[in-house]
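K.L.:
Under numbering that gives the first Met the number 0, the first residue of the sequence shown carries the number 0, and numbering increases by one thereafter. We put the CB at the ideal spot given by N, CA and C, even for glycine. On a predicted model such as this, the values are computed, not experimentally measured, just so you know.
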Amino acid sequence: MNSKTLECKILQDSIVVASAEQISSDLGGEAVILNIKSGTYHGLNEVGARIWDLIKKPRTVKDIKAALLEEYEVEAKQCEHDLIALLEDLFAAGLINVINETAV
Numbered sequence: 000m001n002s003k004t005l006e007c008k009i010l011q012d013s014i015v016v017a018s019a020e021q022i023s024s025d026l027g028g029e030a031v032i033l034n035i036k037s038g039t040y041h042g043l044n045e046v047g048a049r050i051w052d053l054i055k056k057p058r059t060v061k062d063i064k065a066a067l068l069e070e071y072e073v074e075a076k077q078c079e080h081d082l083i084a085l086l087e088d089l090f091a092a093g094l095i096n097v098i099n100e101t102a103v
């Protein structure tokens, strides 16, 4: 990941993982996350908290999407759109790391 890049393209094969510079807690099925560097709190609803739980270990976007499609009644296209949007927000907030494998 290029540290000069403020934007990151999140793809199906991107690997995402929670940043080490955060502390999170489950609050009755929802999650609250503190960015240690910025001191900013972020809240996630039930589905967001499930995604957060999944990315505590490195996973590809397509694996996260597959898990969500098994657990929730949602159309695949909507699931992917909402998942990417949340991951982009988490990345922008400095809460996740994104790894895009460019070597084939």
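Would Q11 and G93 qualify as a contact pair, given that the criterion is a beta-carbon distance under 9 Å?
P.N.:
Their beta carbons are not under 9 Å apart, which means Q11 does not touch G93 by this criterion.
K.L.:
Could you spell out where the alpha helix (DSSP H) holding G28 opens and where it closes?
P.N.:
Careful: G28 lies outside any alpha helix (DSSP H) and carries neither H nor E.
K.L.:
If you draw a straight line from the alpha carbon of L53 to that of I63, how long is it in whole angstroms?
P.N.:
Their Cα atoms are separated by approximately 7 Å.
K.L.:
Pick from H80, G27, R58 and K76: whose alpha carbon is nearest that of I95?
P.N.:
Out of H80, G27, R58 and K76, R58 has the C-alpha closest to the C-alpha of I95.
K.L.:
For C78, which residues in the same chain have their Cβ closer than 8 Å to its Cβ, ignoring the five residues on either side in sequence?
P.N.:
If we look at C78 and ignore the five residues flanking it on each side, its Cβ neighbours are K64, L67, L68 and Y71.
K.L.:
Specify the secondary structure class of L85 as computed by DSSP and reduced to three states.
P.N.:
The answer is helix: DSSP assigns L85 an H, G or I state.
K.L.:
Quick one: what does DSSP say T4 is sitting in, helix, strand or coil?
P.N.:
In this prediction, T4 scores a pLDDT of 42, lower than 50, which makes its location untrustworthy; the coordinate-derived value is nonetheless stated afterwards. Coil, per DSSP.
K.L.:
In its own chain, which residues sit with a C-beta less than 6 Å from the C-beta of D81, not counting the 5 before and 5 after it?
P.N.:
Excluding positions up to five away in sequence, the list is empty.
K.L.:
Go through its chain and collect everything with a Cβ distance to F87's Cβ below 7 Å, but skip five positions before and after it.
P.N.:
At residue 87 the sequence reads Glu, which differs from the Phe that was named. Once the five neighbours on either side are set aside, the close Cβ partners of E87 are I9.
K.L.:
Using the Cα positions of S23 and V97, report the straight-line distance between them to the nearest angstrom.
P.N.:
Cα to Cα, S23 sits roughly 18 Å from V97.
K.L.:
Taking only runs of the alpha helix (DSSP H) that begin and end inside the region 59–84, which ones reach a length of at least 4 residues, in chain order?
P.N.:
Runs of the alpha helix (DSSP H) inside the region 59–84: 60–70.
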